[in-house]
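**Q** This is the structure I have questions about; it appears just below.
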């Protein structure tokens, strides 16, 4: 946690059980807390027969207590799972209503999945993502965190479907530094407002360097090539 | 949104996520907001095995916050889907109870559907629409938004089933200007109180002209023929 | 509504959407309002696979607002439909608890049905009705509205099962004036406290005359024969 | 009711709809009211496919209003019916929580049933009863009302499983006066704190005599033989 | 209860119905109360077709009333039972939210089970336990009570998955004194914070001696060998 915080990302996404670790860090310049508010059973190599996504009880009160800057909730669309989608619509809708009077922003994370080699994997189909992102916007998301489309050239459609809602891009599976940098540059050029990366930072050999390189692309307009060079120079 | 608002319709129907766009428009003469309060999964080419229609959480508080003039909710009747209908009855009933002390009008949108080429399509059978409209009236709808009957000559029965509740007519699928104008004239002659059109205005080459032509029929008693001529003259 | 009200029945049973019509009538001598508080999908020629009976939201507040003298709710018993019965038990129980502190009477309408030629029809079996009526009484009904038994001579058992709760008799399907008068006389002789007729009054050629004839039997002890003669004399 | 009350039992168990009858009796020495708080559909010759046991709404408020000395609720265990058992666990738990701050005692009635000739009958297996009684005690029952075991000699195990919670014994099906007296003596000798009999008193030719004979065994330590002789002497 | 309390364990885990027994003990040095807050139907030789785990109503208020030092709730993972797991996630989440403002610690007891000879038995697979323990930590457990892994050498992974949350080790099935002592020593060496044993203490021939021997290992760093010798010396 210390290492990640010192790398200086804008925010870190944590579960209610992990969040106190961030809160307990000393010092004035901590990243903002994005609190995950739901638990789902769609992950893993052998997903069960009934899929669900449950909101943490009193998620908004918990977010206030933990001084979260934002909360995040999934909008999961899996083939043949209308009840899962229904529950996610309810989850988003409940959080939106609870956060409205508090001014606490709600980040919605539309996530289309499809059967993969082991369990479900990300579905990068642009049409599917666009439909989900539009639904998230209609439900009143303040920020949308969406997967990159398989065809990166289609990402502008995702941004357009979100309307006036800023879109942050998920990192997706583990990829090479070069691919990550290029993808980041591509989605930003098509209107994405930022990025939310997990494994590609946390599991990187140099998380701090990776964080700084990505932030340079997002905040300073550095090119993918320059950022990659700066990262490589640290090694 | 600016374009639509400038065309001067009486009202625009928007979701909670879209409604702030209308609210943020400057100027004193904005159309009234009709806030959609439910999300359903019955649309699209491949409807899922379980169909549902969920109310947005705290829909009435949201409507007040967004300064809505009216809220709208579906009463969906699909063959072999009694649970969907049940949920819609609950939705209407909940909204009616919540709006009663506030004086906020509830528009109920009875919508009979049947299996079509791709997913469900509108069912224009007069008996089915009449039964649904009567149910909406018994539940206490303040306004009813109903589909045109396949046989336009039967529309008077729909108006009669609504009793003292005014009936607005839905636009249905994309049709020629002439058909739209004639249909509008026909349902108004049989007692409909107004119209609520979507694609036939928004996707029209001249949305402002179409809006004005239709409003002339509704508010000024202009004939379909005259309205069509006025619209054509703009082209 | 005016016609019916002028006929001077003691009360009229209406849905929440219809009730304002009665309230808006001018004049001091209006019939009392019995407000229907539930919506069921068991009627019609093709009942769906899942049957339900839903309470109108905030039914008791609605009843107070509409100045209802009594509310009415079904206790539906259909073969092979334990969930429907369960929901009705819940409905009765909820209303009873909500009305207790207000002193608002709850009329329970036990209704046994069985598969008929088209959809479900009334089941006039005395044992079945007696069991249902006893359940209604145990749940705390203030008034019970029960079907006539196929064998009218068994109606005393229904009255007995209700204990100290007064029993009003439903009209059942459309029948001849003579049959209606005789049935009314028979059930009153066995202890029924009154009648609640629908189609046999509303669809009668002379609703006002029919209402007066029936009220004479109930309130003035006029015989079926005399009442029939008085009705015929109006024609 | 008058007859039963005059016989002077310690308490009478009634449903919410029947209880006012007791309350309306004049005189200072009325039996205490034990209010039944649930409705189940497990009884009768043809139990339905889905079994349930529903709490009466606001049962505790009703009990206070009716001046009940105790409330009673079932804990039903039927083979292959885990949802029924689950609902009963919820029912007991809800009542226990609601009664805790009021000091109103909760009598739990564990009832093991098994398929019989017509519908379900009582299951007198000692192991099954012991398990159920232990569950009732763990849930916080103040009093437990349990069936006699088939082998009366095992009743001590039931009393032991209840721990510090007093056990009252249910009457079971109709039996001869002699059998009833002997059974009563036997269970009391093994630690039962009292008895709760229904049909064997109410349907007896001499309910008052039967009540007094049984109370003599319970409260005065009279033997079964003596009590039987006293009862016979009244005939 | 007196015997167990006199043996001086740090705490005793009891159901709401059993807990008053502890509270009623006289004297200043009673063990702390850990209140069990759920009831499940997964135990026993013939588990039913639908498995569930229900929270006791108002469990936290009950815990406060009983002066509990901690509450405990299960997180049950059984193969092919996603609804059971979902309910447990809800249970943990509800308790966590209710205890947050009160400062009452929540002990989560992740319990992986698998089909055994008769009903379900404990699943000691390290990967499964690690996943469950991580989930418990993310949900915000204050203390985690986890089974020993089949391979005791893997227990460090369990402790690591819990992060900053202390892990107490469950006793598992009945085993020899020697095995119990060794296992206790092993898990403590890998970072476990303590132990929670049931049958291996309660069903022991010398519960007080067993309790003291185990507490010597946990609190005084006595070796398994020494503790065993001390216990044997009492015999």
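Chains as they are written, first to last, in our numbering: chain A, 126 to 360; chain B, 126 to 360; chain C, 126 to 360; chain D, 126 to 360; chain E, 126 to 360.
Every residue, glycine too, gets a C-beta built ideally from N, C-alpha and C.
Would you say the beta carbon of residue 177/D comes nearer than 6 Å to a heavy atom of the ligand SAM?
**A** In the structure shown, the ligand SAM is absent, as is every other ligand, since no ligand is present at all.
**Q** Given that residue 185/E touches chain A, what residues does it touch there, using C-beta distances under 8 Å?
**A** None at all; the shortest Cβ gap to chain A is about 12 Å.
**Q** Closer than 8 Å by C-beta to residue 144/C: which residues in its own chain qualify, once you throw out the five before and the five after it? Chain order, please.
**A** So the qualifying residues of the chain are 158, 160, 191, 193.
**Q** Would you please state the rounded distance, in angstroms, between the beta carbons of residue 352/C and residue 342/C? I believe it to be under 8 Å.
**A** About 5 Å separates the two Cβ atoms, so the contact holds.
**Q** Check distances from the C-beta atoms of the stretch 263 to 290 of chain C to those of chain D and list, in chain order, the residues that come in under 8 Å.
**A** So the list reads 263, 264, 265, 266, 288, 289, 290, given in the order they occur along the chain.
**Q** What residues are listed by DSSP as bridge partners for residue 240/C?
**A** In DSSP, residue 240/C forms a bridge with 245/C.
**Q** Does the distance from the CB of residue 244/B to the CB of residue 165/B come in under 7 Å?
**A** In this structure, residue 165/B does not lie closer than 7 Å to residue 244/B by Cβ.
**Q** Looking at the unbroken beta strand (DSSP E) that takes in residue 270/D, where does it start and where does it end?
**A** Looking at the DSSP string, the run of the beta strand (DSSP E) that includes residue 270/D is 268 to 271.
**Q** Compute the distance between the beta-carbons of residue 271/E and residue 235/E, then report whether it is under 7 Å.
**A** Their beta carbons are under 7 Å apart, which means residue 271/E touches residue 235/E by this criterion.
**Q** Taking DSSP as the reference, what is the three-state secondary structure of residue 138/E?
**A** Residue 138/E: strand per DSSP, three-state reduction.
**Q** Could you check how far apart the C-beta atoms of residue 179/C and residue 214/B are, in whole angstroms? I think they sit under 8 Å.
**A** Sure, about 6 Å apart at Cβ, within 8 Å.
**Q** Return the chain-ordered ranges of every beta strand (DSSP E) run that is complete within the stretch 282 to 337 of chain A and spans a minimum of 3 residues.
**A** Listed in chain order, the complete beta strand (DSSP E) runs (minimum 3 residues) inside the stretch 282 to 337 of chain A are 292 to 295, 319 to 321.
**Q** Please go through the same chain and pick out, in chain order, the residues whose beta-carbon is closer than 7 Å to the beta-carbon of residue 282/D, but skip the five residues on each side of it.
**A** Within the same chain, residue 282/D has close Cβ partners 251, 255.
**Q** Can you find a CB in chain B that lies within less than 7 Å of the CB of residue 175/C?
**A** Closer than 7 Å: yes.
**Q** Go ahead and pull the three-state DSSP assignment for residue 218/B.
**A** Correct three-state label for residue 218/B: helix.
**Q** Count the other CB atoms, across all protein chains shown, that sit within 10 Å of the CB of residue 182/B; report buried if there are 16 or more and exposed otherwise.
**A** With 16 or more Cβ atoms within 10 Å of its Cβ, residue 182/B is classed as buried.
**Q** May I have the straight-line CA-CA distance separating residue 304/C from residue 344/C, to the nearest angstrom?
**A** Straight-line Cα distance between these residues: approximately 19 Å.
**Q** I'd like to know if residue 208/C contacts chain D, where contact means its C-beta is closer than 7 Å to some C-beta of that chain.
**A** Yes - at least one Cβ of chain D is within 7 Å of the one on residue 208/C.
**Q** By the three-class DSSP mapping on this structure, what secondary structure does residue 207/C have?
**A** Residue state, collapsed to three classes: helix.
**Q** Report the CB separation of residue 141/D from residue 156/D in whole angstroms; it is logged as a contact under 8 Å.
**A** About 17 Å separates the two Cβ atoms, so there is no contact after all.
**Q** Taking buried to mean at least 16 other C-beta atoms within 10 Å of its own C-beta, is residue 334/C buried or exposed?
**A** It is buried - the Cβ of residue 334/C has at least 16 other Cβ atoms within 10 Å.
**Q** I want to know whether the stretch 218 to 232 of chain E touches the stretch 261 to 269 of chain E - three or more CB-CB distances under 8 Å.
**A** Yes, the stretch 218 to 232 of chain E is in contact with the stretch 261 to 269 of chain E.
**Q** Beta carbons nearer than 9 Å to chain E: which residues of the stretch 220 to 251 of chain D have them?
**A** Within the stretch 220 to 251 of chain D, the qualifying residues are 220, 221, 222, 223, 225, 226.
**Q** Could you compute how far the alpha carbon of residue 146/E sits from the alpha carbon of residue 318/E?
**A** The alpha-carbon atoms of residue 146/E and residue 318/E are separated by roughly 28 Å.
**Q** Below 8 Å on the Cβ atoms is my contact criterion, and I expect residue 177/E with residue 207/D to pass it. Report the Cβ-Cβ distance as a whole number of Å.
**A** Contact holds; Cβ gap of about 7 Å.
**Q** If you measure from the beta carbon of residue 202/B to each beta carbon in chain C, is any gap under 7 Å?
**A** Taking Cβ atoms only, chain C never reaches closer than 7 Å to residue 202/B, which makes this a no.
**Q** If the cut is a Cβ gap below 8 Å, which residues of chain A does residue 205/E touch?
**A** Within 8 Å Cβ-Cβ: 173, 174.
**Q** Return the bridge partner residues of residue 163/D from the DSSP annotation.
**A** Answer is 180/D, bridged to residue 163/D.
**Q** Identify, in the order they occur along the chain, each residue of the same chain with its Cβ nearer than 6 Å to the Cβ of residue 311/E, setting aside the five sequence neighbours on each side.
**A** Result list for residue 311/E: 277, in chain order.
**Q** Would you mind working out which of 320/A, 325/A, 359/A sits nearest residue 340/A, comparing C-alpha positions?
**A** When each option's Cα is compared against that of residue 340/A, the closest is 320/A.
**Q** Determine whether the Cβ of residue 159/B lies closer than 7 Å to any Cβ atom of chain A.
**A** No - not a single Cβ of chain A is within 7 Å of the one on residue 159/B.
**Q** Does residue 234/D come out as helix, strand or coil in the three-state DSSP assignment?
**A** In this structure, residue 234/D counts as strand in the three-state DSSP scheme.
**Q** Where does residue 147/D sit, in a helix, a strand or coil, going by DSSP?
**A** Three-state DSSP puts residue 147/D in a helix.
**Q** For chain G, check one thing: does any of its Cβ atoms lie closer than 7 Å to the Cβ of residue 166/B?
**A** Absent from the structure is chain G; the protein chains it does hold are A, B, C, D and E.
**Q** Does the beta carbon of residue 301/C sit closer than 7 Å to a beta carbon anywhere in chain D?
**A** Cβ-Cβ to chain D under 7 Å: no for residue 301/C.
**Q** Please compile the residues from chain D whose C-beta is within a distance smaller than 8 Å of the C-beta of residue 190/E.
**A** Here the neighbours are 225.
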